[in-house]
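Under the numbering used here, read the sequence shown as residues 1287 to 1510, first letter to last. Ideal Cβ positions, reconstructed from N, Cα and C, are used throughout, including at glycine. All values reported here derive from a predicted model rather than from experimental measurement.
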Amino acid sequence: MKSFSKWTTEEVEDEFQLVCQPESQAFQDWLQVSTEISSEEASFLHQLSRKLRYSVRDWNEEELKIYFIALLLDKIDFYQEQYRPFMERELSVEYDENKKLWGFIDFLVAQGKHSPKQSFFFIHEYKKELDSSNDPLGQLLVEMVAAQKLNQHQHPIYGAYIIGRHWYFVILEASSYSESLAYDATKDDIINIFCILRQTKAFIEQLIIDSKHCVVQERGNEPR
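What follows is the structure in structure tokens.
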């Protein structure tokens, strides 16, 4: 048994029979977003991007998180009545005899008031640019696999890992995953990052609606 931080992409692929599928339709639907934003949002994002550009090489992990990532996520506002963000929460699941996935999650969005229940979106790493860990994709993937096994409904799991200025978006669907190219938050890519995060919020809300419909249908099909 080893924690999330010890897994590599190759190990996750082998252990859970995952296959990389770069062009999945769900992945394209997620990332192909409208980049229309308000003038207030544009001003905020350009100021945030400029601050990152001048500081990213010097910030440690906590500074990157507090002075950039937290401000961006707060603008999206994942804190809603039916779901909310959680940070540094432990997640664990037994997936085979004497086999367990466990570890602490940097950031996730899930249903649950006091602790995460149904998980939708993960952000992993917050690493400074010149001191990244060995395999952030593998670490993110194994967290998403754990959530997939814990979730009641087998919807796609969305995620991202961050290395300094670069954001990589990842989706896990059943036994396949897709990974984006890098989005550079010190450039105009920050608008795409913001819009993808906003799209993620909309997708989460739709998944919650869909799951409620499934529950109603299941109850309606129960014998009387």
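I'd like to check one pair, Ile1409 with Ala1433: are the Cβ atoms closer than 7 Å? Locating residue 1433 in the sequence shown gives position 147, where the first residue counts as 1. Locating residue 1409 in the sequence shown gives position 123, where the first residue counts as 1. For Ala1433 and Ile1409, no; Cβs fall outside 7 Å.
Hey, how far is the Cα of Leu1426 from the Cα of Leu1394? Translated into the one-based positions of the sequence shown, residue 1426 becomes position 140. Translated into the one-based positions of the sequence shown, residue 1394 becomes position 108. Straight-line Cα distance between these residues: approximately 11 Å.
With 16 as the cutoff for other CB atoms within 10 Å, does Glu1469 come out buried or exposed? Here residue 1469 refers to the residue found at position 183 when the sequence shown is read from its first residue. The sequence shown places Tyr at residue 1469, rather than the Glu named in the question. Result: buried.
For Leu1331 and Ile1476, believed in contact at Cβ under 8 Å, the rounded distance: One-based indexing of the sequence shown puts residue 1476 at position 190. One-based indexing of the sequence shown puts residue 1331 at position 45. So it is a contact: roughly 5 Å between Cβ atoms.
Where do the N-terminal and C-terminal ends of the beta strand (DSSP E) with Ser1378 fall, by residue? Locating residue 1378 in the sequence shown gives position 92, where the first residue counts as 1. Taken as a continuous stretch (DSSP letters only), the beta strand (DSSP E) holding Ser1378 covers Arg1370 to Asp1382.
Would you grab the beta carbon distance between Ser1401 and Leu1387 for me? Rounded to a whole angstrom, and I think it's under 8 Å. Taking the first residue of the sequence shown as position 1, residue 1401 is located at position 115. Taking the first residue of the sequence shown as position 1, residue 1387 is located at position 101. Their Cβ separation, rounded to whole angstroms, is 17 Å, which puts Ser1401 and Leu1387 out of contact at 8 Å.
Backbone CA spacing between Asp1513 and Gln1440 [nearest angstrom]: Residue 1513 lies beyond the stretch modelled for the chain, which goes from 1287 to 1510, so this question has no answer here.
Ordered list of alpha helix (DSSP H) runs contained in the stretch 1458-1508, each at least 4 residues: 1475-1506
Here's a check: name, in chain order, each residue in its chain whose Cβ is nearer than 7 Å to the Cβ of Phe1364, leaving out the five neighbours to either side. Numbered from 1 along the sequence shown, position 78 holds the residue referred to as residue 1364. So the qualifying residues of the chain are Arg1370, Pro1371, Val1395 and Lys1487.
Apart from the five residues on each side of it in sequence, which residues of its chain come closer than 8 Å, Cβ to Cβ, to Arg1451? The residue given as residue 1451 occupies position 165 in the sequence shown. The residues are Leu1338, Arg1339, Val1342, Glu1415, Asp1470, Ala1471 and Thr1472.
Continuous alpha helix (DSSP H) stretch holding Trp1316: start and end: For the purposes of this step, residue 1316 is taken as residue 30 along the sequence shown, with counting starting at 1. Its alpha helix (DSSP H) spans residues Gln1311 to Leu1317.
Tell me whether the stretch 1456-1464 and the stretch 1297-1306 touch, counting them as touching only if at least three CB pairs, one residue from each stretch, are closer than 8 Å. yes
Return the bridge partner residues of Gly1424 from the DSSP annotation. Counting from 1 along the sequence shown, the entry for residue 1424 is found at position 138. Answer by DSSP bridge pairing: none, since Gly1424 is not bridged.
Does Pro1308 pass the burial test, meaning 16 or more other C-beta atoms within 10 Å, or should it be called exposed? On the sequence shown, residue 1308 is found 22 positions in, with the first residue counted as 1. Looking at its Cβ environment, which holds fewer than 16 other Cβ atoms inside 10 Å, Pro1308 is exposed.
In angstroms, rounded to a whole number, what distance separates the CA positions of Ser1497 and Leu1467? Counting from one through the sequence shown, the residue named residue 1497 turns up at place 211. Counting from one through the sequence shown, the residue named residue 1467 turns up at place 181. If you take the alpha carbons of Ser1497 and Leu1467, they lie about 31 Å apart.
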